[in-house]
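If you use this note's numbering, the first sequence corresponds to residues 518 to 1129, in order. Step one of this worksheet: look at the structure below.
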Amino acid sequence: MRVSRLLLVTLRDDPAEAEIISHKLLLRAGFIRRVGSGIYAYLPLLWRVLQKISAIVREEVNAVGGLETLLPQLQPAELWERSGRWAGYTAGEGIMFHLLDRQERAFGLGPTHEEVITTIAADLLRSYRQLPVCLYQIQTKFRDEIRPRFGLMRGREFIMKDAYSFHADEEDLRRTYQDFDGAYRRIFSRCGLRAVAVEADSGAIGGSASQEFMVTAEAGEDLILASPDGRYAANQERATSRAGAAVPLPAGPFRVLATPGQSTIQGLCSAHGFDPSQIVKVLLLVARFADGPDQPLLISLRGDQQLNDVKLANVLTARLGGERGTLLEVEPINPEQVQRQGLAPLPFGYLGPQLEDAVLAGARDWSTHFLRLADATAAELERFVCGANGGEAHRVGVSWSDLGLKPEALDLRAAQPGDRCLHDVSQVLVASRGIEVGHIFQLGRKYSEALGARFTNEAGQEEALWMGCYGIGVSRLAQAAVEQHHDANGLIWPVAIAPFELIIVIANGQEAAQVALAEQLYGDLQAAGVDVLLDDRSERAGVKFKDADLIGIPWRLVVGRGAAGGTVELVERAGGAKQELPAAELAATLVPLLLAQRRGLALDLPAQGEGA
RNA sequence: CGGGGCGUGGCGCAGCUUGGUAGCGCGGGUGCUUUGGGAGCACUAGGUCGCAGGUUCGAAUCCUGUCGCCCCGACCA
């Protein structure tokens, strides 16, 4: 390709719309253009990158038995009603774009494809003899994100590879899940990305085990907690840890302590010398479900701990999802809401776990009983300080039995960096940030049961299929690569996913010898299978160098002053190392380097096999 | 949705407080010079100041409404 024909439009200034470096660079270097919030055009340079990533993904997914398909994006609401996800995905803060057709039939624009694929599987799969089967597609997904962000990182329309596997039993599912784990590690390393696998929450997709693949980068939206020994890594929303020991409350009789104006843990501690770990704090929240009344929650946590709302949502779904359907939302209760329910004001700031259900009597649309949950750190306290539920006072030295409560110990707390690990107390969790580029799930039979995807097993009996699903954010991965590979001058694409591997810069387009040699090398390198770009524009050399750096082509060949004598200059974008060499030796020098670089990073895990 | 900010030639911005009919840099076009790290000079084209109302002799500027975008929080590949 010739740059003169590439519609290369680069920007000198950072566009005002971009915040993080990868987004700025993709815009400046002419890879993307914004069309609307969270909606981007993939320009020719980026499209080449996306195709290279897709090709790597295809090879690796095919290698573990995937069959490529293309599924519809326009999906009948009925499918989603059958899986029970229509409400959760469209109502409240649902993320599915949905619409009515001329007959008033409802449709969703596919944010994911479990429903469609499971329906197809139900139709096609009848016998264990057909199993296992794994289908995948590389497809545009639509999600009405609450807040689109950072260019391709969180778009409302984006490209995803999603694969779905079907099995006769759970062990077979586990095998494929493991295969995908390996395939994903190979994919990211072949793309030249440093990625880590972490334990994850399975969120709205559901299912049991799930693992995320994070590209490590400061701009990442996820917090990863990992042990330095490499044996444990998890997304913070899922991470478990050992909380520090509580400071025992000094012995003394039970008393009620006047604490006017001390409605925060901090205020209480600094006024009376308590340690936060001696206090049981109470959070009042309300959970909204698809069916039934809103459920007030009374959550007890040790004063020094933070609530992990993902863990809470999982507990709520497990407890109440059966009867009340999808959990739509959990939000803190504030005084205005209490008033709107027609209830007397609650003693916010002085709440204790013994707050009686009577305070909810007569609520307009709330259930009149609290769902009471306690984190283990709170439940395990022998004696503690808690709110007296009125009178601007706290109780000091109470026990759960004093309060007439027997809290069940749940894990509701957020693990924090610095916490000790469960698997080894000598290990301390360390935080880093990551961009989630892949997520693999063992779905189990959630969708197959809901959608009636059954097969006949070896014993001649019908049973639901076991399923797994496996996603990679292809367009997000492209931007994550930029986040990980750039410098002050622009992008630095890993060779394996670079839009072009090498750019030939004609230093002076008016020197016939330079043009002739460049044209000859351009032809030679194309013939040698190199993805080569020729900058034949009538620009000054400086402009071409700046653009070559900005768009991040990994190798640059300068045909300049030495052209008459048959020498050229080869420059590696990363690091900037230069070498002068005779043009005749170029292919022999470059091609072996490219062959090695096309394989991406070396894999850390030898067990996962070879990267190319 | 809550909080913060911004909409002015293609891009980045100034002008707005204190109303008087729009300016700078980059980019585009033409010509000459230059030619290994975003060249110089000259000429030139290009703007319903997001949109709609209002106040005023007069509105980019003041008021009201509205739309869009960006950032912080809930969502996820």
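Every residue gets a Cβ at the ideal spot worked out from N, C-alpha and C, and that includes glycine.
(message) Mapping the DSSP letters down to three states, classify PRO1123 as helix, strand or coil.
(response) Unreliable placement is indicated for PRO1123, whose pLDDT of 39 sits below 50; no coordinate value is reported for it.
(message) Which complete beta strand (DSSP E) runs does the stretch 950-1029 hold, if anything under 3 residues is left out?
(response) As summarised for the stretch 950-1029, the continuous beta strand (DSSP E) elements at least 3 residues long and confined to that stretch are 971-973, 979-981, 983-990, 1019-1023, given in chain order.
(request) Answer with buried or exposed for SER719, where buried requires no fewer than 16 other C-beta atoms within 10 angstroms of its C-beta. (result) By the Cβ neighbour-count rule, SER719 is buried, with 16 or more other Cβ atoms within 10 Å of its own.
(message) Does ARG522 pass the burial test, meaning 16 or more other C-beta atoms within 10 Å, or should it be called exposed?
(response) Its Cβ having fewer than 16 others within 10 Å, ARG522 is exposed.
(request) Over the uninterrupted alpha helix (DSSP H) stretch that includes ALA830, give me the two end residues. (result) 826-841 is the extent of the alpha helix (DSSP H) around ALA830.
(request) Would you tell me roughly how many angstroms separate the C-alpha atoms of PRO777 and LEU740, rounded to the nearest one? (result) Going by the C-alpha atoms only, they are around 38 Å apart.
(request) Would you kindly work out how many angstroms separate the C-alpha atoms of ARG1073 and GLU1056, rounded to a whole number? (result) Between the alpha carbons of ARG1073 and GLU1056 lies a gap of roughly 16 Å.
(request) With TYR694 as the anchor, note down where its alpha helix (DSSP H) starts and where it stops. (result) Where TYR694 is concerned, the enclosing alpha helix (DSSP H) starts and stops at 687-707.
(request) Just the C-alpha distance for GLY955 and ILE704, rounded to the nearest angstrom, thanks. (result) Spanning the two alpha carbons is a distance of roughly 10 Å.
(request) Tell me the start and end of each unbroken beta strand (DSSP E) in the stretch 858-918 that is at least 3 residues and wholly inside, in chain order. (result) The qualifying runs are 888-892, 901-904, 910-915.
(message) For GLY1126 and ASP936, I'd like the C-alpha separation in whole angstroms.
(response) The pLDDT assigned to GLY1126 is 34, lower than 50, so where the model puts this residue is not dependable; a value taken from the coordinates is nonetheless given after this. Approximately 34 Å, taken between the alpha carbons.
(message) Let me make sure I understand the geometry here. Which of ILE1068, GLU735, PHE901, LEU994 has the alpha-carbon closest to that of GLY951?
(response) The residue with the shortest Cα to Cα distance from GLY951 is GLU735.
(request) Confirm, please, whether the CB-CB distance from ALA998 to GLY1133 is below 9 Å. (result) Only positions 518 to 1129 of the chain appear in the structure, and residue 1133 is not among them; the question remains open.
(request) Report the three-state DSSP secondary structure of THR527 (helix, strand or coil). (result) If DSSP states are grouped into helix, strand and coil, THR527 belongs with coil.
(request) Please confirm if the stretch 963-972 is in contact with the stretch 652-661, defined as three or more CB-CB distances below 8 Å between the two stretches. (result) No: the two stretches stay apart, fewer than three of their Cβ pairs being nearer than 8 Å.
(message) Please report the distance separating the alpha-carbon of ASP892 from that of PHE1017.
(response) When rounded, the distance between both Cα atoms is 54 Å.
(request) Identify the continuous alpha helix (DSSP H) that holds ILE573 and give its terminal residues. (result) Note, ILE573: alpha helix (DSSP H), 561-580.
(request) Taking 9 Å as the cut-off, decide whether the C-beta atoms of GLN822 and THR757 are in contact. (result) No, they are not a contact pair.
(request) Return the CA-CA distance between GLY625 and PRO593, expressed in angstroms with no decimal places. (result) So the alpha carbons of these two residues sit roughly 6 Å apart.
(request) With ASP1052 as the anchor, note down where its beta strand (DSSP E) starts and where it stops. (result) Run containing ASP1052: 1049-1052, per the beta strand (DSSP E) assignment.
(request) For PHE887, count neighbouring C-beta atoms within 10 Å of its own C-beta (all shown protein chains included) and say buried if the count is 16 or more, exposed if not. (result) Answer is buried; the Cβ neighbour count reaches 16.
(message) If you follow the beta strand (DSSP E) that ASP679 is in, where does it begin and where does it stop?
(response) Its beta strand (DSSP E) spans residues 674-684.
(request) Rank ALA768, PRO745, GLY553, GLN959 by C-alpha distance to the C-alpha of GLN695 and give the top, closest one. (result) Of ALA768, PRO745, GLY553, GLN959, the residue nearest in Cα terms is GLN959.
(request) Tell me ILE615's beta-bridge partners as DSSP assigns them. (result) It should be pointed out that residue 615 corresponds to His in this sequence rather than to Ile. Answer is GLY625.
(message) Once DSSP output is grouped into helix, strand and coil, what is the label at PHE1062?
(response) Helix at PHE1062.
(request) Mind checking which residues open and close the alpha helix (DSSP H) that includes LEU785? (result) Start and end: 782-789.
(message) If distances are taken between C-alpha atoms only, which option among GLU674, GLY985, GLN783, LEU802 comes closest to PRO793?
(response) For PRO793, the nearest C-alpha among the options comes from GLN783.
(request) Select from ASP811, VAL797, ALA948 the residue whose C-alpha is nearest the C-alpha of TRP917. (result) Ranking the options by Cα distance to TRP917, first place goes to VAL797.
(request) Can you check DSSP and say which residues form a bridge with THR657? (result) In the DSSP output, where bridge partners are listed per residue, THR657 has ILE676.
(request) Flag this pair as touching only if the stretch 1079-1091 and the stretch 664-680 have three or more C-beta atom pairs under 8 Å; answer yes or no. (result) Result no; under three Cβ-Cβ pairs closer than 8 Å.
(request) Could you tell me the distance, in whole angstroms, from the CA atom of LYS569 to the CA atom of LEU818? (result) If you draw a straight line from the Cα of LYS569 to the Cα of LEU818, it is about 49 Å long.
(request) With DSSP as the reference, label THR757 as helix, strand or coil. (result) THR757 sits in coil when the DSSP states are folded into three classes, being neither helix nor strand.
(message) Please tell me whether VAL1047 and VAL1108 are closer than 9 Å, where the distance is taken between their beta carbons.
(response) With contacts defined by Cβ atoms closer than 9 Å, VAL1047 and VAL1108 form a contacting pair.
(request) Look at PRO1099 and LEU1019 and say whether their C-beta atoms are less than 9 Å apart. (result) In this structure, LEU1019 does not lie closer than 9 Å to PRO1099 by Cβ.
(message) Under 8 Å, with one C-beta from each stretch per pair, do the stretch 1023-1034 and the stretch 574-587 reach the 3-pair mark?
(response) Segments in contact, no.
(message) For the pair the stretch 823-833 and the stretch 898-908, tell me if three or more CB-CB distances fall below 8 Å.
(response) The answer is no - the stretch 898-908 does not touch the stretch 823-833, with fewer than three Cβ pairs under 8 Å.
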